[in-house]
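Engineer: Position 148 (the sequence shown) corresponds to 1199 in this note's numbering; numbering is contiguous.
So that we are looking at the same thing, I have put the structure below in structure tokens.
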Amino acid sequence: YMMDRLGRIADDTPVIAKTFDSYGVDVWSAMEGQQHFNTQSDNLMNYIRYWAAEGESIKTSMRTKTRLGQIVREGHFRGGKAPYGYRLEKQGRKNVRGHEVYEILVNEDEAPVVAHIFELSALNGYGSRKIATALTEKGYRNRNGKPFHPSTIQNMLKNVLYTGVLRSGESRSEVFPHLQIIPETVFNQAQAQIQQHRSDYEGSRLSP
């Protein structure tokens, strides 16, 4: 569409385009036409164009980050797939384009499983692999009907959303009680257990 689609780094894009040109490949974009690399003026204009495109990309990223942070602080879902323990439902709220958007709510069927996972970690001291085994033995399955994988358990134990806090990057919301599945104290205990397991593992390794 435009030349900046080749790359987001000002130094890389002209090199890529010029490499194509050196092999006899004509380089075109739908909006800017054919790109030339015959003279120093051509090279200078290309670098200026890509440098400006990189700046626009940075500003767009900053605007997106700011907006996502604002969304979660307002208590709204930032988008994507709902983590295990939650569900998405449209409740009439619309975005700036007039499209109805999803709200995130607790999944009453999955929430007890989440609470049990944190209980096994925080109160019983189980690691993610042992928790996955315990869930399988009790017949619990993930949304795909398969046993929980230890890495999935590990990610769940680190997800602050289960305390009712929405997050986007470094932005965090206040605690929303209607989203809280576990108390903050239990979450903190689970983090301490994770850190302890990591320390024990590092101490027992025979090689770095």
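Just so you know, even glycine gets a beta-carbon here, dropped at the ideal spot from N, CA and C.
Where ARG1192 and GLN1142 are concerned, what is the direct C-alpha to C-alpha distance, given to the nearest angstrom?
Structural biologist: Here residue 1192 is taken as the residue at index 141 of the sequence shown, counted from 1. Here residue 1142 is taken as the residue at index 91 of the sequence shown, counted from 1. Rounded to whole angstroms, ARG1192 to GLN1142 spans 29 Å at the Cα level.
Engineer: Helix, strand or coil for VAL1226, going by three-state DSSP, please let me know.
Structural biologist: Looking up residue 1226 in the sequence shown gives position 175. VAL1226 falls in the strand class under three-state DSSP.
Engineer: With DSSP as the reference, identify every bridge partner of GLY1084, one or two as the case may be.
Structural biologist: Within the sequence shown, the letter at position 33 stands for residue 1084. Paired residues: SER1080.
Engineer: Quick one: what does DSSP say LEU1156 is sitting in, helix, strand or coil?
Structural biologist: The sequence position of residue 1156 within the sequence shown is 105, counting from 1. Correct three-state label for LEU1156: strand.
Engineer: According to DSSP, simplified to helix, strand and coil, what is LYS1197?
Structural biologist: For the purposes of this step, residue 1197 is identified with residue 146 of the sequence shown, where counting begins at 1. Three-state result, LYS1197: coil.
Engineer: Just to check my reading of the structure: ASN1097 and GLN1086 have Cβ atoms closer than 8 Å, yes? What is that Cβ distance to the nearest angstrom?
Structural biologist: Within the sequence shown, residue 1097 is the residue found at index 46, counting from 1. Within the sequence shown, residue 1086 is the residue found at index 35, counting from 1. Their Cβ separation, rounded to whole angstroms, is 7 Å, which keeps ASN1097 and GLN1086 in contact under 8 Å.
Engineer: Starting from GLU1216 and walking both ways along the beta strand (DSSP E), at which residues does that stretch end?
Structural biologist: The residue you call residue 1216 lines up with position 165 of the sequence shown. According to the sequence shown, residue 1216 is Val rather than Glu. Per DSSP, VAL1216 belongs to the beta strand (DSSP E) from 1216 to 1219.
Engineer: How is the beta strand (DSSP E) around LEU1212 delimited, first residue to last?
Structural biologist: Taking the first residue of the sequence shown as 1, we reach residue 1212 at position 161. Per DSSP, LEU1212 belongs to no beta strand (DSSP E) and is neither H nor E.
Engineer: Could you give the DSSP three-state label for ARG1148: helix, strand or coil?
Structural biologist: Within the sequence shown, numbered from 1, the residue matching residue 1148 stands at position 97. Three-state result, ARG1148: coil.
Engineer: Please report how far the alpha carbon of SER1080 lies from the alpha carbon of ALA1185, in whole angstroms.
Structural biologist: Residue 1080 sits at position 29 when you count from the first residue of the sequence shown. Residue 1185 sits at position 134 when you count from the first residue of the sequence shown. Rounded to the nearest angstrom, the two C-alpha atoms are 56 Å apart.
Engineer: Starting from HIS1127, follow the alpha helix (DSSP H) in both directions and report where the run begins and ends.
Structural biologist: Counted from its first residue, the sequence shown places residue 1127 at position 76. Counting along the chain, HIS1127 falls outside any alpha helix (DSSP H), and DSSP gives it neither H nor E.
Engineer: List the residues that DSSP assigns as beta-bridge partners of TYR1137.
Structural biologist: Start at 1 with the first residue of the sequence shown, and residue 1137 comes out as number 86. Paired residue(s): VAL1157.
Engineer: Roughly how many whole angstroms lie between the Cα atoms of VAL1076 and LYS1132?
Structural biologist: For this step, residue 1076 is matched to residue 25 along the sequence shown. For this step, residue 1132 is matched to residue 81 along the sequence shown. For VAL1076 and LYS1132, the distance between alpha carbons rounds to 42 Å.
Engineer: Would you check if there are 3 or more beta carbon pairs closer than 8 Å linking the stretch 1225 to 1237 to the stretch 1144 to 1162?
Structural biologist: With the cut-off at 8 Å, the stretch 1225 to 1237 and the stretch 1144 to 1162 touch.
Engineer: How many Å lie between TYR1052 and MET1082 at the Cα?
Structural biologist: Along the sequence shown, read from residue 1 onward, the residue named residue 1052 stands at position 1. Along the sequence shown, read from residue 1 onward, the residue named residue 1082 stands at position 31. Going from the Cα of TYR1052 to the Cα of MET1082 covers about 6 Å.
Engineer: Just to confirm, is the Cβ distance from THR1187 to PRO1198 under 8 Å?
Structural biologist: Residue 1187 sits at position 136 when you count from the first residue of the sequence shown. Residue 1198 sits at position 147 when you count from the first residue of the sequence shown. Against a cut-off of 8 Å, the Cβ pair of PRO1198 and THR1187 comes out as a contact.
Engineer: Relative to the C-alpha of ILE1245, which candidate in GLU1151, GLU1235 and SER1172 has its C-alpha closest?
Structural biologist: The sequence position of residue 1245 within the sequence shown is 194, counting from 1. Of the candidates GLU1151, GLU1235 and SER1172, the one whose C-alpha sits nearest the C-alpha of ILE1245 is SER1172.
Engineer: Taking C-alpha atoms, which residue in THR1203, ARG1249 and MET1054 lies nearest to GLY1084?
Structural biologist: As a position in the sequence shown, residue 1084 is number 33, starting the count at 1. With distances taken between Cα atoms, GLY1084 lies closest to MET1054.
Engineer: When the Cα of ALA1104 is compared with those of GLY1196, ILE1182, THR1064 and ARG1218, which residue comes out closest?
Structural biologist: For this step, residue 1104 is matched to residue 53 along the sequence shown. It is THR1064 whose Cα lies nearest to the Cα of ALA1104.
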